[in-house]
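Numbering (the working numbering), first residue to last: 127 to 569.
We treat Cβ as the ideally placed atom computed from N, Cα and C, and that holds for glycine.
Scroll down for the structure; my scribbles are underneath it.
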């Protein structure tokens, strides 16, 4: 049952938007929950939302996802404040009727941490598309519970669906800026070698030490490294976000001191290993990371892009180059419930042009659109220097001497050198772990 305080919040919000007419309420009574597709009640909510005035600072009732899933009929048509993290959008194909919303409808996925829920919101007058992860506030009338099947798990997954007009997109957290001198030094970073502990690293560490206690900023999500590897200069110093499994963490012994107690090097798998290919990993250098996050956990990290780090992995009888995107950041967080939603398999749609997408695609959609533009840039830069060992690649230093006389031979894809000792595993994260085991064994 709804409490008096909750009803008061609903009334405060309903006083600034047009009420539903008796005819609209009657059509909402016919809405069936836990189905896909749209019906007459949906179009009545669209018509109502199209008449709403713009509200800069809406106030009203927040979500109680558990109560709404348990008794959706009690909340049908009521307005709510939806505040959370923008996950992405999808084109809307199921809307067949015309109206004042023509050409203006978007479907957003929003993660609402306070309600531990991910919701869908149809907007009749959407603002410019936010960045994935950016904080948004939306007023929406509750439509129904949408049930879709997760093909990977076979389980039905349920989402609250709302209809509203417009949204407030909050400015992303502005990180402490890099000075002109810092930017000049960072610009000297050399890609496609395995040097890490160099001058360009330290302006980024110094900057990360200033924002390690701030809330996590909105930043584009890296779903694969190709756009960055193809044009690293375009990304130098920019904040980027990664989400995935923590494959390794270890202390990094820097050659310079700074405003930090320790620095750790993390390897985060942003794509899982499959039968046909290994996982894709990103390396992150973190200032004073918490001890609570363990190897194997799902994590989310924001860091400024430093460089592309190259090593050589055995594949058959040759060593093939493998490139890691390297970030520098602070304040990693557990992915937690967000991972359970955004990592779900693909639910299939139902009748009436229902939903044939999944929330994970919402989360990735905006990032993939962003990445597409950068595929126009050359995928790899001309000729590349071979690795020069230090930091991460202590083991590879022994091979440097063998390569030194033939360094000019190391263009992209050239792997003529014989591997030293048993070949490294083809999976990048496993290869790094094996390199570390060998290094410790040599001490």
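When we look at the beta-carbon of residue 237 and count the other beta-carbons within 10 Å, is it buried (16 or more) or exposed? By the 10 Å Cβ count, residue 237 comes out buried.
Cβ neighbours of residue 167 in the same chain (closer than 6 Å, five flanking residues each side left out): 153, 154 and 157
CA-CA distance, residue 281 and residue 271? Answer to the nearest angstrom: the Cα atoms are 15 Å apart.
Quick check for students: name the residue ranges of the beta strand (DSSP E) that lie wholly in the stretch 392-476, counting only runs of 3 or more. 406-413, 424-441 and 444-456
Exposed or buried, what is residue 317 when buried is set at 16 or more other beta-carbons lying within 10 Å of its beta-carbon? buried
Does at least one heavy atom of the ligand ZN sit under 7 Å from the Cβ of residue 454? With respect to small molecules bound, the structure shown includes none, and the ligand ZN cannot be examined in it.
Quick test of your reading: residue 286 and residue 191, contact by CB under 8 Å. State the CB separation rounded to the nearest angstrom. Confirmed, Cβ separation roughly 6 Å.
Nearest to residue 356 by CA position, among 450, 291, 407 and 341, is which residue? 450
Whole-angstrom distance between residue 376 and residue 208, CA atom to CA atom: 39 Å
Cutting at 6 Å between CB atoms, please list the residues of its own chain near residue 251, excluding the five before and the five after it. If you ignore the 5 residues before and after residue 251, its C-beta comes within less than 6 Å of the C-beta of 230, 291 and 292, all in its own chain and listed in chain order.
Along the chain, where does the alpha helix (DSSP H) that runs through residue 381 open and close? Per DSSP, residue 381 belongs to no alpha helix (DSSP H) and is neither H nor E.
Evaluate the contact criterion for the stretch 348-362 versus the stretch 375-392: three or more CB pairs, one atom per stretch, below 8 Å. no
Residue 429 and residue 453 - do their beta-carbons sit closer together than 8 Å? It is a contact, given that the beta carbons lie within the stated cut-off.
Measuring straight from C-alpha to C-alpha, what distance separates residue 399 and residue 417? C-alpha of residue 399 to C-alpha of residue 417: approximately 26 Å in a straight line.
Mark residue 344 as exposed unless 16 or more other C-beta atoms lie within 10 angstroms of its C-beta, in which case mark it buried. buried
Give the DSSP-derived three-state secondary structure of residue 308 in the structure shown. Residue 308 falls in the helix class under three-state DSSP.
Cβ-based neighbour list, residue 225, same chain, cut-off 8 Å, excluding 5 preceding and 5 following: Around residue 225: 169, 172, 173 and 176.
Assuming residue 205 is part of the alpha helix (DSSP H), what are its boundary residues? Unbroken run through residue 205 is the beta strand (DSSP E), 205-216; no alpha helix (DSSP H).
Does the distance from the CB of residue 455 to the CB of residue 406 come in under 8 Å? No, the Cβ-Cβ distance between residue 455 and residue 406 is not below 8 Å.
For residue 384, count neighbouring Cβ atoms within 10 angstroms of its own Cβ and tell me buried if that reaches 16, exposed if not. exposed
Put residue 232 into one of helix, strand or coil per three-state DSSP. strand
Following the continuous alpha helix (DSSP H) through residue 195, name the residue where it begins and the one where it ends. 191-196
If you reduce the DSSP assignment to three classes, tell me which class residue 164 lands in. coil
Helix, strand or coil, according to DSSP, for residue 143 in the structure here? coil
I'd like the span of the beta strand (DSSP E) that includes residue 376, first residue to last. 365-377
Distance CB(residue 408)-CB(residue 348) smaller than 8 Å: yes
Looking only at C-alpha atoms, which of 205, 413, 378 and 321 sits nearest to residue 268? 205
What does the Cβ neighbour count give for residue 404, buried or exposed, with the cut at 16 atoms within 10 Å? buried
Quick one: Cα of residue 146 to Cα of residue 364, how far? The straight-line gap from Cα to Cα measures roughly 46 Å.
Where residue 448 and residue 327 are concerned, what is the direct C-alpha to C-alpha distance, given to the nearest angstrom? 21 Å
Boundaries (first-last residue) of the alpha helix (DSSP H) holding residue 270: First-last for residue 270: 261-276, but that is the beta strand (DSSP E), not the alpha helix (DSSP H).
Tell me the residue span of the beta strand (DSSP E) that contains residue 283. 282-290
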